[in-house]
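I have placed the structure first, in the form of structure tokens, so that the comments after it can refer back to it.
Protein chains in written order, with this note's numbering: chain A, 43 to 253; chain B, 4 to 155.
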């Protein structure tokens, strides 16, 4: 191979078409369109809450917890569903997340979290990954619905109003402070008892501003 | 008779199908259990009155000596579990400077035998045993209560 001169791009394409035939190329093209349509439909279907809670791992743990929170039921009736917080809306990050989700199918098959006890034991690991993802994208999913530039501090409670203004000038992001907004938290090291000494350490639970 | 048994076979087949198709182990739903697995017979609780929580405010004046201060803010969604104490996320000595909350009283570090611990004692872990949030409700009975002299 090293002795061969690399062929020009057009030449290679022509050789490839000649090799497999024009009809096949056209066929591939049409298949591509069909696949694309089907692909987007599949993407749509897997982006619904019913899909997520089709697995008892998701339904019996995180979904049950989330039902007691403000994002499930509130005075205005606007809900945030699982994909709203967990699946990016932008194309490339969405595909990346979907590919990562193949791990969940594998986890389903191997039964990594198929009992509440196993789920609890694994929660810290999953939560830590999710926090890191949200921290890295500046809590994009939260900000898809909550635009802090339109926060009305006159209406917010005094704790939120006081905290937010300073936090945003320091470059903090929603997930720095709002962990556990939709589910039970894993063990956190609060230096109260030795039981949770292995839990999320302070620098993870309250990370400094910036990345 | 024949029809019925055929129906039954069909139903059985369907049930078998469904059980083989469903993925993974199926759990028995419901039933409250203690941490050690004992069944708990919890009585049906009545739903709370639809009081609106008061808006967050500055600390509320105390009315008597040794009164646990009232909680001057909303506590919706603030959970205290074995794994995490939401109140201490703002009120602990390591966090209060950043959150602007009143730090927990040092009296809370003492066990019932009078031993000083390095953080809150187990008997103070569940804050809402003593500290309660407020709703805007009229007193149930009229009273002439006046706050203690020294803290008026």
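Heads up, the beta-carbon is just placed ideally off N, CA and C, and yes, glycines get one too. Computed from a predicted model, the values in this text were never measured in an experiment.
Q: Using a Cβ-Cβ cut-off of 9 angstroms, state whether residue 61 of chain B counts as contacting chain A.
A: Interface residue (Cβ-Cβ distance to chain A less than 9 angstroms): residue 61 of chain B is classified as such.
Q) Rounded C-beta distance between residue 251 of chain A and residue 166 of chain A? I'm assuming under 8 angstroms. A) The C-beta distance from residue 251 of chain A to residue 166 of chain A rounds to 23 angstroms, too long to fall under 8 angstroms, and the pair is not in contact.
Q.
Less than 8 angstroms between C-beta atoms, sequence neighbours within five positions excluded: which residues of the same chain meet that for residue 72 of chain B?
A. Cβ neighbours of residue 72 of chain B beyond the five flanking positions: 62, 63, 65, 105 and 134.
Q. In the structure shown, what three-state DSSP assignment does residue 258 of chain A receive?
A. Absent from the structure is residue 258 of chain A, since the part of chain A shown begins at 43 and ends at 253.
**Q.** Reference residue 195 of chain A, options A:206, A:187, A:186 and A:185, closest by Cα
**A.** Checked all of A:206, A:187, A:186 and A:185; the closest Cα to residue 195 of chain A is A:206.
Q. If you run the structure through DSSP and keep just helix, strand and coil, what is residue 172 of chain A?
A. In the structure shown, the three-state DSSP call for residue 172 of chain A is helix.
**Q.** For residue 111 of chain B and residue 98 of chain B, believed in contact at Cβ under 8 angstroms, the rounded distance
**A.** Contact doesn't hold; Cβ gap of about 14 angstroms is too wide.
Q: Please go through the same chain and pick out, in chain order, the residues whose beta-carbon is closer than 6 angstroms to the beta-carbon of residue 219 of chain A, but skip the five residues on each side of it.
A: Beyond the five residues adjoining it in sequence on each side, residue 219 of chain A comes within less than 6 angstroms, by CB distance, of no other residue in the same chain.
Q: Compute the beta-carbon to beta-carbon distance between residue 124 of chain A and residue 94 of chain A, rounded to the nearest angstrom, for a pair I have assumed lies under 8 angstroms.
A: With 8 angstroms as the limit, residue 124 of chain A and residue 94 of chain A qualify as a contact, their Cβ atoms being about 4 angstroms apart.
Q: Determine the direct distance from the alpha carbon of residue 144 of chain A to that of residue 151 of chain A, and round the result to whole angstroms.
A: Distance between the alpha carbons of residue 151 of chain A and residue 144 of chain A is about 11 angstroms.
Q) Is the Cβ-Cβ distance between residue 41 of chain B and residue 136 of chain B less than 9 angstroms? A) No. Outside cutoff.
**Q.** Which residues DSSP lists as bridging residue 242 of chain A, in chain order
**A.** Residue 242 of chain A is bridged to A:230.
**Q.** Contact with chain A by residue 22 of chain B, beta-carbon distance below 9 angstroms
**A.** Any reading at residue 22 of chain B must be qualified, since the residue scores a pLDDT of 42, below 50, and its modelled position is unreliable; no value is offered.
Q) Can you name the start and end residues of the alpha helix (DSSP H) that residue 96 of chain B belongs to? A) Looking at the DSSP string, residue 96 of chain B is not in any alpha helix (DSSP H), and its letter there is neither H nor E.
Q. So what does DSSP say about residue 212 of chain A, is it helix, strand or coil?
A. Shown here, residue 212 of chain A sits in a helix according to DSSP, grouped into three states.
Q | Cβ-Cβ distance between residue 116 of chain A and residue 225 of chain A below 9 angstroms | A | No, Cβ-Cβ distance for residue 116 of chain A and residue 225 of chain A is not below 9 angstroms.
Q) By the criterion of Cβ-Cβ separation under 9 angstroms, what are the contact partners of residue 233 of chain A in chain B? A) In chain order: 95, 97, 121 and 122.
Q | Whole-Å CB distance - residue 77 of chain B paired with residue 199 of chain A, under 8 angstroms assumed | A | Cβ atoms of residue 77 of chain B and residue 199 of chain A come within 8 angstroms of each other, at about 7 angstroms.
Q) What in chain A is Cβ-close to residue 103 of chain B, meaning under 9 angstroms? A) Neighbours of residue 103 of chain B across chain A, judged by C-beta separation under 9 angstroms: 201, 204 and 205.
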